[in-house]
Amino acid sequence: TQLLEQSPQFLSIQEGENLTVYCNSSSVFSSLQWYRQEPGEGPVLLVTVVTGGEVKKLKRLTFQFGDARKDSSLHITAAQPGDTGLYLCAGGHYGGSQGNLIFGKGTKLSVKP
Amino acid sequence: NAGVMQNPRHLVRRRGQEARLRCSPMKGHSHVYWYRQLPEEGLKFMVYLQKENIIDESGMPKERFSAEFPKEGPSILRIQQVVRGDSAAYFCASSPRGTGANEKLFFGSGTQLSVL
Numbered sequence: 001t002q003l004l005e006q007s008p009q010f011l012s013i014q015e016g017e018n019l020t021v022y023c024n025s026s027s028v029f030s031s032l033q034w035y036r037q038e039p040g041e042g043p044v045l046l047v048t049v050v051t052g053g054e055v056k057k058l059k060r061l062t063f064q065f066g067d068a069r070k071d072s073s074l075h076i077t078a079a080q081p082g083d084t085g086l087y088l089c090a091g092g093h094y095g096g097s098q099g100n101l102i103f104g105k106g107t108k109l110s111v112k113p
Numbered sequence: 114n115a116g117v118m119q120n121p122r123h124l125v126r127r128r129g130q131e132a133r134l135r136c137s138p139m140k141g142h143s144h145v146y147w148y149r150q151l152p153e154e155g156l157k158f159m160v161y162l163q164k165e166n167i168i169d170e171s172g173m174p175k176e177r178f179s180a181e182f183p184k185e186g187p188s189i190l191r192i193q194q195v196v197r198g199d200s201a202a203y204f205c206a207s208s209p210r211g212t213g214a215n216e217k218l219f220f221g222s223g224t225q226l227s228v229l
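Now the structure itself:
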């Protein structure tokens with residue numbers, strides 16, 4: 001069974017701090033996606049990474065896919081209260097239907113003003 | 114351009130009743146996916162459908178659960194004889210295509226099912 005482990009589970013920081021959250025697996029994924037989910041809403045796609053070692057930036061967010069395509073990280077610079085939410089990583093696997101994503105349990109981030 | 118629409122947002126059922134969850138994909142999307150999210154758990158894939166076809170139902174429980182995506186109208190996830198363990202948030206997602214590592218899924222706001 002393929003699993004994605006996310007850490008930390010919970011993170012509470014002050015506005016302006018930097019943070020990194022991790023997504024790890026023993027399995028290789030063909031792609032990895034990061035989503036943000038707010039209470040009572042569905043996940044919203046932030047980024048997709050597909051190449052080992054790939055780095056993508058989205059304003060203050062930096063996403064990295066591990067060289068071996070087994071892990072990923074999300075780094076947020078100068079966090080703001082608007083960054084508060086549940087961050088989910090999801091892996092797509094070779095040979096499977098693309099919509100059959102494996103999701104981690106998420107990191108619940110709280111940014112206090 | 115409306116996003117993925119799910120209704121109802123909240124559904125309360127008593128044990129043994131049937132639950133019907135509806136999902137209208139984004140305009141132009143012909144691929145629909147259903148996921149279930151239990152409290153403190155990640156989203157779990159249930160089923161992937163195209164118009165009139167079930168492509169992958171590897172995540173669907175073998176009994177009581179069924180899904181369809183007819184030629185006209187929304188996709189329906191149907192749960193018969195609900196039990197308390199079915200209480201969860203059910204999310205629908207859609208995409209314009211069903212293949213490719215870069216395929217983007219657009220999620221609806223979910224239906225929160227509560228079984229009394």
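For the protein sequence lines, the chains are F and A, in the order given.
Take the first sequence: its letter number 8 is residue 8 in the working numbering, and every next letter is one higher.
In the working numbering, each residue's number is its place in the second sequence (first place is 1) plus 113.
Backbone N, C-alpha and C fix where the C-beta goes; we use that ideal spot for every residue, glycine too.
So G91/F is in the beta strand (DSSP E); what residue range does that whole segment cover? Along the first sequence, one-based indexing puts residue 91/F at 91. Looking at the DSSP string, the run of the beta strand (DSSP E) that includes G91/F is G85 to G92.
For the segment 179-196 of chain A against the segment 4-20 of chain F, are there 3 or more C-beta pairs whose distance is under 8 Å? no
List the residues of chain A that F63/F touches, going by C-beta distances under 9 Å, in chain order. Translated into the one-based positions of the first sequence, residue 63/F becomes position 63. Correct list: empty, because the minimum Cβ distance to chain A is about 14 Å.
Tell me the DSSP bridge mates of E5/F? Here residue 5/F refers to the residue found at position 5 when the first sequence is read from its first residue. E5/F is bridged to N24/F.
Is the Cβ-Cβ distance between Q150/A and V195/A less than 7 Å? For the purposes of this step, residue 150/A is identified with residue 37 of the second sequence, where counting begins at 1. For the purposes of this step, residue 195/A is identified with residue 82 of the second sequence, where counting begins at 1. Contact: no.
According to the neighbour-count rule (16 or more other Cβ atoms, all chains shown, within 10 Å of its Cβ), is L109/F buried or exposed? The count along the first sequence starts at 1 and reaches residue 109/F at position 109. Label assigned to L109/F: buried.
DSSP has R135/A in a bridge; who is on the other side? Here the question's residue 135/A lines up with position 22 in the second sequence. R135/A is bridged to N120/A and I189/A.
For H144/A, which of P152/A, N166/A and R126/A has the nearest alpha-carbon? Counting from one through the second sequence, the residue named residue 144/A turns up at place 31. Checked all of P152/A, N166/A and R126/A; the closest Cα to H144/A is N166/A.
Mind checking P43/F: buried by the 16 CB within 10 Å criterion, or exposed? The residue you call residue 43/F lines up with position 43 of the first sequence. So P43/F counts as buried.
D83/F and V47/F: beta carbons closer than 7 Å? As a working mapping, residue 83/F is identified with position 83 in the first sequence. As a working mapping, residue 47/F is identified with position 47 in the first sequence. No, Cβ-Cβ distance for D83/F and V47/F is not below 7 Å.
Residue from M139/A, L134/A and L124/A with nearest C-alpha to S208/A: Here residue 208/A is taken as the residue at index 95 of the second sequence, counted from 1. Comparing Cα-Cα distances from S208/A to each of M139/A, L134/A and L124/A, the minimum goes to M139/A.
Quick one: which chain A residues come within Cβ less than 9 Å of L195/F? A query on residue 195/F cannot be resolved here, the shown segment of chain F reaching from 1 to 113 and no further.
Check each residue of the segment 41-61 of chain F: if its Cβ is closer than 9 Å to any Cβ of chain A, include it; give the result in chain order. E41, G42, P43, V44, L45, T48 and V50
Since L45/F and K157/A are thought to touch, with beta carbons under 8 Å apart, how far apart are those beta carbons, to the nearest angstrom? Translated into positions along the first sequence, residue 45/F becomes position 45. Translated into positions along the second sequence, residue 157/A becomes position 44. The Cβ separation is near 18 Å, so there is no contact.
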